[in-house]
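Worksheet for the structure shown next.
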Amino acid sequence: VGDERPFSSLRRTVEHEALVSLRARDVGVLTPRLRTVNPVGLDSYLLAYDMIDGSSLDSVETDRITDEVLRSLWSQIAILRHNGIGHRDLRLANVFLDESSQPWIIDFGFSELAAQQGTLDADVAQLLTSLALTVGCERATTTAVEVLGTEAVASCLPRLQPSALSGATQSALKEQKGLLDQLREEVTAETGTEEPPLEPLTRFTGRQVFALVMAVAVIYFLVPQLADLPGIVQQVSGANWWWVIPILVASVGTYAFAALSLMGSIPGRLSYGPTFAAQVASSFASKVAPAGLGGMALNVRYLQRTGTDGAVATAGVGLNAVAGIIGHIALIVAFIGWAGRDAFGDISLPSPEAFLIGIAVVAVITALAMLVPRTRRLVTEQLFPIIAKSTRGLAAVLRSPAKLVLLLGGSTLVTLSYAIGFFFAGKAFGLDERFAVVAAVYLVGAAVATAAPTPGGLGAVEAALIAGLVAAGIDKEIAVPTVFLYRLATFWFPILPGWGAFTWLRRTDRL
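Count along the sequence shown starting at 1, add 955, and that's the number in the numbering used here.
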C-alpha cells in the first residue's frame, strides 16, 4: 500500500509489526498487548494479541461514537504523532471500541517508526475522512482541532484527496459524492487557513500495473510481428475471397469448442458467454507470450475470479492442455491412417530407442535431485499439498461423464476446426487435394511448430505447414499463399476481437 522499500522477508515484516506494536503500547497508545510471535509451517507467522472485548468502529452503532469517544481517539493519534509513529492505515476497521467506550488502535502491519511529517499528516487525513463518512464533517473536524490543534489538522489538507486514502475509504466516498470537498471546506473554516493546493500523488492499482505490463509485452512482441503483415497480404491477393467466410467460421468454432473444453476441465460450473469471451481474449494474450503461456495464464486467472481454488484452476488448465495434446495425437493417427502414403510417404519416425534414452536421463536427474534434503522437503511439504488439492478437483472431473465429454470432445473439435479452416484456405487457391491429406499435413505441421519459442508460433508454423504441403506433392505456388491466408484468418484477424474481449473481461472484474 505504500511507497517504501519492502522488507527482505516475511519474518522481517512480522518482526517489524511486532516492534511497532510494542513501541506504541510503550509510549501510552491503547493497543492490545502482544503475547507471542510464532512460525506456522514454513511460510506463515502468527502474532497473538490480547482480545479486545468490543467491536470495530465501522460496525458499531453511530450513536455510540460520541464526542468523548472522538476526543479520546484523537488523543491516541496525538501520542502517535508526538512519538513519530506513522500508522498508515487508520481506517475505522482498525479502531476498536471496548465495552467502556474506550477506543483501541490495532494492526500496525504497515506502520513506521521515525515517520516523516507527510506520513503523520496522511494518518490525520485518513482518519478524518473515515470519521466524516460516519459522524459528519463538522464533528470529525471540531474534535480533531480540539485535541490536535489547528496546525496539525490544517497540515493534512494537501492529503485530503482520494489518492492518499485507502481503497476502502475511496469506495465509501463514491457513495457520498462531494463529502471530501465539504470536509476540506470544514477544515479550512475550523483552522482559519486558506486551502492549499493538493499534494501531487500517484497510486497505481493492480489493474493499471497489469495493463502496463500487457502494453509493454504488446510493444515488445506484437509490434515487430506486424512488419510481416504487408507481405502476407500481398501473398494472398489472388485468393477467391468467398472462401474466407468458412475459414472465419471455422476459426470462431475453435473458440466456441475451447470454451466447452475449459468448462469440462474443472468440477464447478461456468457460464458459457464469459468463458467464450475468455477464449477469444486468449487469442490476444497468446500473441504476447510464447508457447501459449499467455492464454493459459489468462484462463487460470479467469477461473480464479469465478471462485475456483487456485490449485484446482491451475490443474484444470493443465488438464485442458493435456486433453488438447491427446486429441491432437488421436487426430494425427486417424488422419495419417486415412491419408495413407499420400501425406508423408518419404518421412520416417524417430527410433523408439531415442525416446527410451530421453526417459532414462530424466529419471536419473530426478533421482539425483531427490537425494538433496532441501529438494525432498520442497517436494513433500510444498509440492505434494498443492498436487493433493488439485487432484481432488481432477478426480471430480474424471468421475463425471459429462465433464469428460466436454473436455475431450471440446479439445478434439478445436484442433479439427483448425484443420478444416486450413483445408478451406487451400480451396481459396484451387487446391484439389483430399481433406484427409491436407488435415494430416496441418496436424503434423502444427505439432512440430509448438516447439517454437515465438508467440503464436510465428514463423515456425508457416515454415512447417508450407514444408508439409510441398512434401505432400502440392505445388509451392499454391502451398505458400494457402498457409498465409490461413494464418491471416486465424492468427491476425482475431487480435482485435481478442483485445476487445480482454478489455471487457477486465472491465467486468472477470480478470
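For every residue, glycine included, the Cβ atom is placed at its ideal position computed from N, Cα and C.
Small disclaimer: the values here were computed from a predicted structure and weren't measured.
Residue i - DSSP class collapsed to helix/strand/coil
i	result
Val1102	helix
Gly1223	coil
Gly1249	helix
Ala1214	helix
Phe1384	coil
Phe1051	strand
Ala1468	Residue 1468 is absent from the model: the chain starts at 956 and stops at 1466.
Val992	strand
Pro1449	coil
Ile1320	helix
Leu1086	helix
Pro1152	coil
Glu1067	strand
Val1369	helix
Leu1304	For Leu1304, the predicted structure reports a pLDDT of 46, less than 50, and the residue's modelled location is therefore unreliable. The matter cannot be settled from this model.
Ala1109	helix
Leu1002	strand
Ile1312	helix
Ser1241	helix
Ile1060	strand
Ser1355	coil
Gly904	Residue 904 is absent from the model: the chain starts at 956 and stops at 1466.
Val1126	Sequence inspection shows Ser at residue 1126; the Val mentioned does not correspond to that position. In the structure shown, Ser1126 sits in a helix (DSSP, three-state: H, G or I).
Ser1010	strand
Gly1039	coil
Arg1389	coil
Residue i to residue j span [Cα, whole Å]
i	j	result
Gln1071	Val1277	54 Å
Val984	Val1100	19 Å
Ala1322	Val1204	49 Å
Leu1386	Ala1211	27 Å
Ser1085	Asp1044	11 Å
Gly1271	Arg988	45 Å
Leu1361	Ala1289	20 Å
Gln1401	Arg966	The question names Gln, yet the displayed sequence has Ala at residue 1401. Taking the straight line joining both Cα atoms gives about 48 Å.
Leu1460	Glu1140	40 Å
Trp1293	Leu1371	14 Å
Asp1013	Val1024	14 Å
Pro1356	Pro1229	23 Å
Ser1118	Phe1231	36 Å
Pro1113	Gln1081	12 Å
Val964	Asn993	A quick correction: the sequence has Ser, not Val, at residue 964. Each residue's alpha carbon lies about 15 Å from the other.
Ser1216	Thr1445	19 Å
Asp1464	Phe1457	11 Å
Val1199	Ala1383	8 Å
His1037	Gly1064	20 Å
Val1173	Val1416	Any answer about Val1173 is weak, because its pLDDT of 49 lies below 50 and its placement is not dependable; what the coordinates show is given next. Using only the alpha carbons, I get a separation of about 20 Å.
Proximity test, residue i beta-carbon vs the ligand GDP heavy atom, cut-off 7 Å
i	result
Leu1153	Ligands displayed in this structure: none; no statement on the ligand GDP is therefore possible.
Option in the options with minimal Cα separation from residue i
i	options	result
Arg1442	Arg1461, Val1316, Phe1390 and Ala1374	Ala1374
Pro1201	Leu1323, Phe1379 and Val1438	Phe1379
Tyr1397	Ser1366, Ser1241 and Ala1434	Ala1434
Gly1009	Asp1464, Ser1355, Thr986 and Ala1233	Thr986
Thr1021	Leu1359, Ser1056, Ala1418 and Leu1368	Ser1056
Ala1048	Thr1124, Gly1453 and Gly1423	Thr1124
Ala1391	Ile1287, Thr968 and Val1267	Ile1287
Ser1237	Thr1463, Ser1011, Val1319 and Ile1450	Ile1450
Thr1017	Val1416, Arg978, Asn993 and Leu1052	Leu1052
Leu1440	Trp1196, Pro1452, Ile1320 and Met1218	Trp1196
Val1207	Val1416, Pro1452, Ala1395 and Ile1320	Pro1452
Glu1149	Ala1318, Val1108, Val1050 and Ala1213	Val1108
Proximity of residue i and residue j at Cβ, strictly below 8 Å
i	j	result
Gly1250	Gln1259	no
Ser1121	Val975	no
Thr1074	Gly1104	no
Thr1269	Gly1223	no
Ala1240	Tyr1257	no
Ala1426	Thr1367	no
Leu997	Val969	no
Ala1419	Val1393	no
Leu1274	Ser1220	yes
Gly1039	Ala1069	yes
Val1399	Gly1423	yes
Ile1060	Val1050	yes
Inter-residue CB distance, residue i and residue j (contact presumed, cutoff 8 Å)
i	j	result
Val1142	Trp1029	Rounded, the Cβ-Cβ distance is 14 Å, inconsistent with contact.
Val1079	Ile1032	7 Å
Gly1381	Thr1437	5 Å
Ala1087	Leu1134	6 Å
Leu1138	Leu1115	6 Å
Gly1282	Leu1363	6 Å
Arg990	Tyr1000	About 14 Å separates the two Cβ atoms, so there is no contact after all.
Val1369	Thr1261	Rounded, the Cβ-Cβ distance is 21 Å, inconsistent with contact.
Cβ of residue i within 8 Å of any chain C Cβ
i	result
Asp1044	Given the protein chain composition of this structure (a single chain), no chain C is represented.
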